[in-house]
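**Student:** Protein chains in written order, with our numbering: chain F, 1 to 581; chain P, 582 to 1162. Backbone N, C-alpha and C fix where the C-beta goes; we use that ideal spot for every residue, glycine too. None of the values given here were measured: they were computed from a predicted structure.
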């Protein structure tokens, strides 16, 4: 036994006990004839006291301890002369009688403190040291709690945890697969799953009724800040359900998680909105509804005043930014430059200041008089002191640009509070989206999503207008998860593959097992998957999923700590029957 | 809502209620003017009743339902005229008023019954139908329960579930890696983890103190019946512990699992044995101690009687097989042939019948008289009516062969009872094993295992004799799991790599991150991993792990249901920068 107690455990009630502790030296200080060492572990910090006069050898030994040395001490729990109310163990200290050095430590390349002096790259390289820091440990503990409470909720609702395979078959649909060459089957490859989609559907065909899994998924995509090549899904599926059953079940899960993990209660049902509404009002299928600034259609009000830009635009959209009428010219220029960057791509930005004295001042005063501007203010709900931004152009693009601007302004004005949580169900996603580049339809969710029965009639005539029984749960501008009611009929599934450009032979070759399964008694079913990384980050009030992953990869898909990926030797390649170019 | 109740739910108390049920047609039968349909789901079976006279349309419709059709019915819960005490719902039936066909079904290629008529290959191809069978569902439910109870136990003992990466670095040590070509880093590869070993050690360096994960691991080995290319581990690690702490913690886990999942209580501590003892007494490091037949060293007793085979043998080992003295010549010949097969490789088998009349009859009567044979019987504990088997030759080989024979006889005599569970800790494994083929040492557990401190002195002089702080938990002849106290000192870890034939440069290149981590304050630590597949199979009283995996692969590493692995297209290969030979 290396220790009798942890470093977060001892209280006044333990005074007088002989204890053994172990941990890391957080820091030490010499005060007159005393040396005090803060001993740290996952559970807390305990103060060790060494008296130079009473035991000089031991005290001199303690004075040689560096930061992050690993030690074991034996000693007596005594009352602390100057108590530390900030520390749960602040009422006591250990009068040390024995000190064992378990392992020395070099000076860490950055300080192991809540606010460290280490840059991102250095901390990534020494991730095992960064993980010692309290804020990082807290994030991973939050993740552990969320996963465990997810399991408890789903188990109590009759879901079975069933493991699906990681070495599966590559399919052309969706994102790019990571593949794994097979040594036993030369020239052939497994693929790592982008999700266990077809397997969970087969489990429904098998009668498992309610399935879940917290499971790693893989996508070989070019990475952005909030993407990782491997990520974790809370993956669920239910049989004999309609959309409403699924929304209720998983709204219950999110409420349970916030309640148990964060102590936050959501009153009433989560609000709902169709995809069409969300796009019209927020220009996003995952709107942040912690703040207002809803889109206003200014097309009619702005037309016919000889402002060609608006007259020729498909869409003219405004938002009222509260209390921003006194933004300076410099601020407005900066915002204009920002929105004109290629990443966002607006051609220009029109603003209207709704001055506190009731007058208006805009960047288009040449075309619009006070009365016109006043009508815009009324339509967009702008009050004196607010600022109206107007963007125009192609409908889809303008919505996207205005969404970016709205989010930026929300952030800038402090309206996106990290401790406020606003869920929103977004419903009735389109079944298909048109891919200009390849001249064909893509499945918006995935090829297994069921069209809404009332739109069946449009499948042949106007497939682009067919809505799906597909839903997302958005929160604070983030997509926490989504799902759909699935097709469970072979003929409809075959028609869907046809719409997506598969020949019958290709459909059979890739998904024959699923099509066949549907002929042996497939129940109606549907499901949903949450992105665990993103859910936990959102619950933690953060944008960055990387902080909530123990060993994340960088934007080039590299683990810089272990230096992976790396070259492998010729023998391995030969055994696998492959060559690198 | 597709259903108001499941098919396992209705009881006499529900009589008089209108209900909606959904499920699969298990079977139907016509009895006079009635048609009865057994409706099945995961939860049970409910009998549906249709009356030809009262509602002929509906009843005729019901008579058209085939096996495995998916239907929904509405109706009244009524008392059953002939109750079925074998069925939890056997007191009631549903007087159906509405019948909806949700999906038709082709006749399944094998019967969906507890005893199916489907062969192994056919069932593998239609795994989604095999998974409908009750015994198969039970196995996966057992697995779900074991995983969940494992989490509960570990959580209540302060373990944190931390996910480690799946895309890691290939290392030459251990089994063959599966590798994943990186598109973003052309010519480089990730490897899939054989275990999260180094990551869990880094988490200990990070101060996580207690870690666990139920995690998929991958080994590209030639497959045997009880091996899968992907398998699941209950992976655990603890800091500031000695071997005794770990044994206690995980003995507690196994007791908790048997108690909660199977209702079986183990009294007292699990027995323990050193590796050396296990090999001497059972010829195995995972002995089945449900039955006796311990090895007896007959070398001294059998020497000097002119039987050259024994005289020249390094080892002469006997076992007493209870009650087998009347085995026929044919039976003994069959056993002799069996043990001489190349897979086992004995050169011959000597037997001694301890007849019920007190006489002895052996296959070596020419060399050994009654007195000699009697001395063998006494030494091996054979009584009248028993049979003694004797094998001889090289010590290691003879032990292995005798282990096979012992297990076969145990099975044959019904001594390996599927509902009896006998755990055994095997301790003090050797640190290294000599690899004749490559003329070097291999780590018996893995390169991170700590030698026993009392054997430190042998590392330079006789490395083959160094024992490790390594332990396995065996049960019923199966290795459930194993682990070790790890090295946490950089110098010792470097020395270990040297013993294993790494140059310092190779060690640094492959495991530099771990060696470096040890310099920044690594605590003493150790851990253990259980094979979940094998644990669950053992708890289920079965030898075959494949039955406990939802979608297993066959002996060629193929998933015959989805047909993976498979060829991928040229575009994919090109993007990855690889070519197949």
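1) Bridge partners for residue 817/P per DSSP, in chain order?
2) Quick check: is the beta carbon of residue 545/F nearer than 8 Å to any beta carbon in chain P?
3) Identify every residue that forms a DSSP beta bridge with residue 354/F.
4) Using a beta-carbon distance below 8 Å, is residue 1077/P in contact with chain F?
5) Under 8 Å by Cβ, that's how I've got residue 284/F and residue 766/P pegged, so tell me the actual separation to the nearest angstrom.
6) Run through the region 584-635 of chain P for me and flag every whole beta strand (DSSP E) of 3 or more residues, listed as ranges in chain order.
7) According to DSSP, simplified to helix, strand and coil, what is residue 173/F?
8) Who are the Cβ neighbours of residue 610/P in its own chain at under 6 Å, not counting the five residues just before and after it?
9) What residue does the alpha helix (DSSP H) around residue 458/F start on, and which one ends it?
10) Which same chain residues, not among the five before or five after residue 730/P, have their C-beta less than 7 Å away from its C-beta?
11) List the endpoints of the continuous alpha helix (DSSP H) containing residue 585/F.
12) Looking only at its chain, what residues have a beta carbon closer than 6 Å to the beta carbon of residue 472/F, apart from the 5 residues adjacent to it on each side?
13) Just mark residue 417/F as buried or exposed, buried being the case when its beta carbon has 16 or more other beta carbons within 10 Å.
14) Quick check on residue 62/F: buried or exposed, where buried means 16 or more other Cβ atoms within 10 Å of its Cβ?
15) If we cut at 8 Å on Cβ distances, does residue 746/P have a partner in chain F?
16) Once the 5 residues before and after residue 315/F are set aside, which same chain residues still bring their CB inside 6 Å of it?
17) Give the DSSP bridge partners of residue 427/F, in chain order.
18) From the DSSP output, in three-state form, read off residue 1058/P for me.
19) Confirm, please, whether the CB-CB distance from residue 313/F to residue 392/F is below 8 Å.
20) Taking residue 72/F as the reference, give the member of 366/F, 48/F and 78/F with the closest Cα.
21) Against chain P, does residue 446/F count as a neighbour if the rule is that its beta carbon must be under 8 Å from one of theirs?
22) For a test of the three-state rule: what should DSSP assign to residue 964/P, helix, strand or coil?
23) Measuring only the C-alpha atoms, how far is residue 330/F from residue 349/F?
24) Under the three-state reduction of DSSP, which class applies to residue 551/F: helix, strand or coil?
25) Whole angstroms are fine: how far does the CA of residue 981/P sit from the CA of residue 1018/P?
26) Would residue 1129/P pass as a contact of residue 1121/P if the rule is Cβ separation under 8 Å?
27) Are the Cβ atoms of residue 169/F and residue 1159/P separated by less than 8 Å?
28) Any idea what DSSP makes of residue 999/P, helix, strand or coil?
29) Are the C-beta of residue 797/P and some C-beta of chain F separated by less than 8 Å?
30) Report all residues from its chain with a CB closer than 8 Å to the CB of residue 704/P; omit the five preceding and five following residues, and keep chain order.
31) Are the region 1109-1116 of chain P and the region 802-821 of chain P touching, with three or more C-beta to C-beta distances below 8 Å?
32) With burial defined as no fewer than 16 other Cβ atoms inside 10 Å of the residue's Cβ, what is the status of residue 175/F: buried or exposed?
33) Rounded to whole angstroms, what's the CA-CA distance from residue 777/P to residue 155/F? Just pull it up for me.
34) So which residues of chain F does residue 686/P contact, with C-beta pairs closer than 8 Å?
35) Return yes when the Cβ of residue 971/P is within less than 8 Å of the Cβ of residue 899/P, no when it is not.
36) For the beta strand (DSSP E) containing residue 328/F, list its first residue and its last residue.
**Tutor:** Walking through what the data contain:
1) 793/P and 1109/P
2) no
3) 360/F
4) no
5) Not confirmed; about 33 Å, so no contact.
6) 599-612, 615-622 and 625-632
7) coil
8) 617
9) According to the DSSP assignment, residue 458/F belongs to the alpha helix (DSSP H) that extends over 458-461.
10) 837, 838, 841 and 842
11) No answer is possible for residue 585/F: it lies beyond the span of chain F, which begins at 1 and ends at 581.
12) 426, 479 and 482
13) exposed
14) buried
15) Residue 746/P counts as touching chain F.
16) 395 and 398
17) 274/F
18) coil
19) yes
20) 48/F
21) no
22) coil
23) 14 Å
24) coil
25) 20 Å
26) yes
27) no
28) coil
29) yes
30) 691, 697, 710 and 711
31) By the C-beta criterion, the region 1109-1116 of chain P is judged to be in contact with the region 802-821 of chain P, since at least 3 inter-stretch pairs fall below 8 Å.
32) exposed
33) Answer to the nearest angstrom: the Cα atoms are 27 Å apart.
34) 519, 520 and 521
35) yes
36) No beta strand (DSSP E) holds residue 328/F; DSSP gives it neither H nor E.
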